[in-house]
Amino acid sequence: MSYRDTYAAWQADPEGFWMDAARRIDWDRPPSRAFFDQGPAGEWFADGMLNACWNAVDRHVESGRGDQVAIIHDSPITGTTGRITYADLRDRVAGLAGALRAQGIEKGDRVIIYMPMVPEALEAMLACARLGAIHSVVFGGFAAHELAVRIDDATPKAVLAASCGVEPGRTVSYKPLLDRAIDEAAHKPDFCVILQRDQDPAPMIPGRDLDWHDFRHGAEPADCVPVEGNHPAYVLYTSGTTGQPKGVVRHTGGHMVALAWSMKHVYDIDAGDVFWAASDVGWVVGHSYICYGPLTVGATTIVFEGKPVGTPDAAAYWRVIQNHRVKSFFSAPTAIRAIRREDPEGKLIGDHDLGRFKTLYLAGERADPDTIRWAEEKLGVPVIDHWWQTETGWPIVSNPVGIELLPVKHGSPSVVLPGYDVWILDEAGHPVAPGTLGAVAIKLPLPPGTLPTLWNAEDRFNKAYLSHFPGYYETGDAGYIDADGYLYVMARTDDVINVAGHRLSTGAMEEVLSAHPAVAECAVIGVADRLKGQLPLGLLCLKKGTNAPDAQVVREVVGMVRDRIGPVAAFKTACVVDRLPKTRSGKILRATMVKIADGEAFKTPATIDDPAVLTEIAAVLRMMGYPQRAGDGKG
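Under my numbering, the first residue of the sequence shown is numbered 14, with each subsequent residue one higher.
Below is the structure:
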């Protein structure tokens, strides 16, 4: 079937479509139907019984594929590479689950996982799933206060952690952060299990802390515990505008069905293929497409402890793809921009055999067309920008490579996938014409695998996602749909700026700036102006080896925006910076930079990769006259 036929089949019979998809996973008791109109936004496969760990691990061993490699751990930082077969993984996970069960962990209990990119992180997730416990992964190295907030919200019975994480040139001690978080939190876990790493073994607290290897040694393996289709598999915290993180809930049945469907139809991955998502288990990509997705379909997944540049150079990704015969690779646009900045001609790509590499997928933030064109040219494979959120758990919009490769339109993550009914709405909630910028919203119900609610916060769930546009899920993104049905996600709703009454997309301006041959990366923010309300300000990072003076590049990009968008954009100011502030997942912190430029108080985001960058940006803005200049009305 073509994409159009597949989407039409879902539209004609959503119930039948998802019941058919549900047959691709194993059920202890098949669901009687797909959708249940219950809870704040509906639930999927609620009366079925299944186990996520069985689907991701045991069933492949039972079908005779236990000798296939399930996990490859590649750590250029520590100089180690390891492989774990499905049979080995089953034994490890069953043993860890048995040890947890012996300590009183059972179905419905919460367990926080605070670990770096090591196989034990996946084993911890799967051991929880094996028992029906609800895991909540917190990004390794998160600040103690932020971890304490999550401990108090999730009230875990146990914490599984590593003694440290290893970054280029430094070791990050996790255990002191965990200790401070537990001291601060009102809720106290019963026990902690610590994976001691050679780079920084941690002191243990008697009576609370248990050594990972001693803990699991000799434990009686635990069998898989069937859970209801609407039983929470995990809670994943995402930043909230109130400063209080939102605990996104993922139900087990819909989660497994959606991931199995997307691995085949979006990423074109079957059993035995090698799939690599260069993310972290602390993010949703790590949950969906490092752990559960690839393993559920019997693929080999890669756990990578490294960076796109600096471990040791800008060829790190190409080395992994070559050495492990990766078929499909998932990364963030910011990683590709970092590689391009270090190796603008792509010379390092040519040093590696990428003959088995078929497709590059980009997500996490908007992929500018210039970055996509560079990757297409240098890699010689389709580059698929696709769009989704922590809340949805799997792609909303993508080129469905596993169904058919549609024509690529640079700047668009392509077409809406089955299960999603996407609309562009004005502020009053009315649909707008094709090509018109508006709020991106999804008509309810959302498909399987998406969030049914927030953890212990149903009212907040309704206010955050459902109340603004009744009958729709509000994505918080702005964009438009063209006449061919391709969606263009231009910015977060908050990043659409108002210049003298004109609503303008910062993403459209960034697209122009990125096209300049000297620009490796950029951001456009709206700063306050008394005359025009807001004015755009561009921040540019230049490619390595650029010879043109900064002032010349600024003049040229200002002219490019005037030529391609027009005087209405009032784009007159830009500056060159060494780097942009980002989250650990690669998202540029535009809203924080706006507050700095406007002289407003701001809180350093818990997810920031390097807080020192904010100090650097503030210094540059002060030199340009911000925040004093903001609001002078001179444009």
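Glycine included, each C-beta is placed from N, C-alpha and C at the ideal position.
Simplified DSSP state of residue i, which is helix, strand or coil
{"i": "Ile-195", "result": "helix"}
{"i": "Cys-237", "result": "coil"}
{"i": "Gly-451", "result": "strand"}
{"i": "Tyr-330", "result": "helix"}
{"i": "Lys-391", "result": "helix"}
{"i": "Ser-425", "result": "coil"}
{"i": "Pro-307", "result": "helix"}
{"i": "Phe-204", "result": "strand"}
{"i": "Lys-456", "result": "strand"}
{"i": "Ala-632", "result": "helix"}
{"i": "Gly-442", "result": "coil"}
{"i": "Ile-385", "result": "helix"}
{"i": "Asp-104", "result": "helix"}
{"i": "Gly-646", "result": "Reliability of the predicted coordinates at Gly-646 is poor, the pLDDT of 40 falling under 50, and the value obtained from them is presented with this limitation in mind. Looking at Gly-646 - three-state DSSP - the assignment turns out to be coil, as it is neither helix nor strand."}
{"i": "Val-279", "result": "coil"}
{"i": "Tyr-478", "result": "helix"}
{"i": "Pro-245", "result": "strand"}
{"i": "Ile-126", "result": "strand"}
{"i": "Leu-419", "result": "coil"}
{"i": "His-148", "result": "strand"}
{"i": "Arg-114", "result": "helix"}
{"i": "Tyr-486", "result": "strand"}
{"i": "Ser-301", "result": "helix"}
{"i": "Phe-317", "result": "strand"}
Neighbour-count burial assignment, residue i, 16 or more Cβ in a 10 Å radius
{"i": "Gly-311", "result": "buried"}
{"i": "Asp-11", "result": "The requested residue 11 is not part of the displayed model; the chain covers only 14 to 648."}
{"i": "Gln-51", "result": "exposed"}
{"i": "Gln-547", "result": "buried"}
{"i": "Thr-265", "result": "buried"}
{"i": "Asn-560", "result": "exposed"}
{"i": "Val-581", "result": "exposed"}
{"i": "Pro-530", "result": "exposed"}
{"i": "Pro-673", "result": "The requested residue 673 does not occur in the structure, where the chain is confined to residues 14 to 648."}
{"i": "Asp-576", "result": "exposed"}
{"i": "Gln-660", "result": "No statement about residue 660 is possible, as the shown extent of the chain runs from 14 to 648 and does not include it."}
{"i": "Glu-56", "result": "buried"}
{"i": "Arg-42", "result": "exposed"}
{"i": "Glu-241", "result": "buried"}
{"i": "Gly-3", "result": "In the structure displayed, the chain extends from 14 to 648; residue 3 sits before or after that span and is not available."}
{"i": "His-230", "result": "exposed"}
Pairwise C-alpha distance: residue j and residue i
{"i": "Glu-487", "j": "Ala-496", "result": "22 angstroms"}
{"i": "Cys-535", "j": "Leu-517", "result": "17 angstroms"}
{"i": "Ile-164", "j": "Glu-197", "result": "10 angstroms"}
{"i": "Ala-115", "j": "Glu-159", "result": "29 angstroms"}
{"i": "Ile-510", "j": "Thr-519", "result": "7 angstroms"}
{"i": "Leu-135", "j": "Lys-201", "result": "24 angstroms"}
{"i": "Ile-362", "j": "Lys-120", "result": "47 angstroms"}
{"i": "Gly-646", "j": "Trp-289", "result": "Note that Gly-646 scores a pLDDT of 40, beneath 50, so its modelled location is shaky; the value from the coordinates is reported in the next line. Taking the straight line joining both Cα atoms gives about 50 angstroms."}
{"i": "Asp-18", "j": "Pro-618", "result": "44 angstroms"}
{"i": "Val-248", "j": "Arg-543", "result": "43 angstroms"}
{"i": "Asp-591", "j": "Ala-351", "result": "12 angstroms"}
{"i": "Met-138", "j": "Tyr-250", "result": "15 angstroms"}
{"i": "Asp-33", "j": "Gly-377", "result": "30 angstroms"}
{"i": "Gly-92", "j": "Asp-166", "result": "37 angstroms"}
{"i": "Ile-147", "j": "Trp-468", "result": "11 angstroms"}
{"i": "Phe-30", "j": "Ala-47", "result": "9 angstroms"}
{"i": "Cys-237", "j": "Cys-205", "result": "23 angstroms"}
{"i": "Val-316", "j": "Leu-113", "result": "24 angstroms"}
{"i": "Leu-438", "j": "Phe-482", "result": "9 angstroms"}
{"i": "Ala-625", "j": "Gly-551", "result": "20 angstroms"}
Delimiting residues of the beta strand (DSSP E) encompassing residue i
{"i": "Ile-97", "result": "93 to 98"}
{"i": "Ser-292", "result": "Ser-292 -> no beta strand (DSSP E), and no H or E assigned at all."}
{"i": "Val-322", "result": "First-last for Val-322: undefined, no H or E at that position."}
{"i": "His-264", "result": "259 to 264"}
{"i": "Asp-398", "result": "396 to 398"}
{"i": "Met-503", "result": "500 to 505"}
{"i": "Gly-638", "result": "Taken as a continuous stretch (DSSP letters only), Gly-638 belongs to no beta strand (DSSP E), as it is neither H nor E."}
Residue i: first and last residue of the uninterrupted alpha helix (DSSP H) it sits in
{"i": "Phe-474", "result": "471 to 474"}
{"i": "Tyr-20", "result": "16 to 25"}
{"i": "Thr-347", "result": "346 to 355"}
{"i": "Ile-164", "result": "157 to 167"}
{"i": "Ala-134", "result": "132 to 144"}
{"i": "Arg-229", "result": "225 to 229"}
What are the complete alpha helix (DSSP H) segments, minimum 4 residues, inside the region 507 to 566?
519 to 527
Hey, which unbroken runs of the alpha helix (DSSP H) at 4 residues or more fall wholly within the region 45 to 87?
With a minimum length of 4 residues, the unbroken runs of alpha helix (DSSP H) contained wholly in the region 45 to 87 fall at 72 to 75.
So within the region 566 to 625, which uninterrupted beta strand (DSSP E) runs reach at least 3 residues, ignoring any that extend past its ends?
586 to 589
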